[in-house]
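Here is the structure we will look at.
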Amino acid sequence: MKANTVFNKLTSRGYLTTLLVVNFSVFILINIGLHLFHIDLTSVLAMPLSEREFLFKPWTLFTYMFLHIDFFHLLFNLLLLYFAGEWFQSMLGQKRLLYLYIMGGLFGGAFLLLIQLIFPIFAGHYLMGASAAVMAIIVAQAIYTPNAPVQLFFVIQIPFKYFAIITFILSTLIDFTINTGGKITHIGGALFGLAYALYLKNGFDFLHFSFLKSKNTLIAKRKFKSEDEYLDFLLDKISKRGYHALSKDEKADLFKISQKK
Numbered sequence: 001m002k003a004n005t006v007f008n009k010l011t012s013r014g015y016l017t018t019l020l021v022v023n024f025s026v027f028i029l030i031n032i033g034l035h036l037f038h039i040d041l042t043s044v045l046a047m048p049l050s051e052r053e054f055l056f057k058p059w060t061l062f063t064y065m066f067l068h069i070d071f072f073h074l075l076f077n078l079l080l081l082y083f084a085g086e087w088f089q090s091m092l093g094q095k096r097l098l099y100l101y102i103m104g105g106l107f108g109g110a111f112l113l114l115i116q117l118i119f120p121i122f123a124g125h126y127l128m129g130a131s132a133a134v135m136a137i138i139v140a141q142a143i144y145t146p147n148a149p150v151q152l153f154f155v156i157q158i159p160f161k162y163f164a165i166i167t168f169i170l171s172t173l174i175d176f177t178i179n180t181g182g183k184i185t186h187i188g189g190a191l192f193g194l195a196y197a198l199y200l201k202n203g204f205d206f207l208h209f210s211f212l213k214s215k216n217t218l219i220a221k222r223k224f225k226s227e228d229e230y231l232d233f234l235l236d237k238i239s240k241r242g243y244h245a246l247s248k249d250e251k252a253d254l255f256k257i258s259q260k261k
């Protein structure tokens, strides 16, 4: 089967699936090379935190966000990516998801390089992992639809904004002395996700570098006292039956209401 055929079949299932498969495939490739053939590909794909070495490996600012060596590091990132990405993609589309993943990863890596230039304490270290990219998606989702319901541990239902806060604290702020460089990239990714969502809510889309055509809300054939009441109705419906239970008009209404929140 041709490579372009495989790629077309993969992307036809959505960019979220593509991101998950690429991350997992790189993990397998890296570990096969390392343990079976004693070839360490991390030196080619991981981002060096020495500015001199980085100048000769600029592509690593992109490749690092798909690179994992430890299985539990991969598992944690992919679970968060699937959980937040599935919701984000259904709300704002797969192109925005892919854009935010890549830009969050790039911004997180660049943010760490900037810190390294100011405080050169990470020389000799390398950056890898999707955490910054995933954090950008989580924060953007929390800003864009902060009150969307989330089932925490499949038991407790909380607003997405609280899930994002818990995730950020546990993965970034607790014991900042461990994996300090990686946690700085989390902050960089979170900052990009924050900026992206705030601008999107105000009608400007970084992806197309243009203003959205309309921010007017249409309440389709339903009588509610307020937009907030209608939004609660839509989110309750999603919580009980899933996003795909919404009608085409309800999906359009939900998107338009979200622009104003």
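Residue 1 is where the sequence shown starts when you use the working numbering, and the numbers rise one by one after that. Ideal Cβ positions, reconstructed from N, Cα and C, are used throughout, including at glycine. Fair warning: this is a prediction, and the values are worked out from it, not measured in the lab.
Item: Check residue 158 in the structure and name its three-state DSSP category.; Value: strand
Item: In or out: residue 68 buried (at least 16 other Cβ within 10 Å) or exposed?; Value: buried
Item: Which first and last residues belong to the beta strand (DSSP E) in which residue 152 is found?; Value: 149-152
Item: Can the beta-carbon of residue 84 be found closer than 9 Å to that of residue 134?; Value: yes
Item: Just curious, the alpha helix (DSSP H) that residue 14 is in, first and last residue?; Value: Premise fails: residue 14 is in no alpha helix (DSSP H) and is neither H nor E.
Item: Grab the span of the alpha helix (DSSP H) containing residue 179 for me, first residue to last.; Value: It is not in any alpha helix (DSSP H) - residue 179 carries neither H nor E in the DSSP assignment.
Item: Quick one, are the C-beta atoms of residue 46 and residue 128 less than 9 Å apart?; Value: yes
Item: Rounded to whole angstroms, how far is the Cβ of residue 143 from the Cβ of residue 198, which I believe are closer than 8 Å?; Value: 6 Å
Item: Indicate the three-state DSSP secondary structure (helix, strand or coil) for residue 56 in the structure shown.; Value: coil
Item: If residue 42 sits next to residue 126, beta carbons under 8 Å apart, how far is it from one beta carbon to the other, in whole angstroms?; Value: 7 Å
Item: Tell me whether residue 128 sits in a helix, a strand or coil according to DSSP, three-state version.; Value: coil
Item: Starting from the Cα of residue 203, find the closest Cα among 117, 113, 257 and give me that residue.; Value: 257
Item: Assuming residue 116 contacts residue 49 under a Cβ cut-off of 8 Å, what Cβ separation, rounded to an integer in Å, is found between them?; Value: 5 Å
Item: Under a three-way DSSP split, which group does residue 255 fall into?; Value: helix
Item: Extract the residue ranges of the alpha helix (DSSP H) inside the stretch 66-121, only unbroken runs of 4 or more that lie entirely within it.; Value: 71-92, 94-118
Item: Can you tell me where the alpha helix (DSSP H) holding residue 43 begins and where it ends?; Value: 42-45
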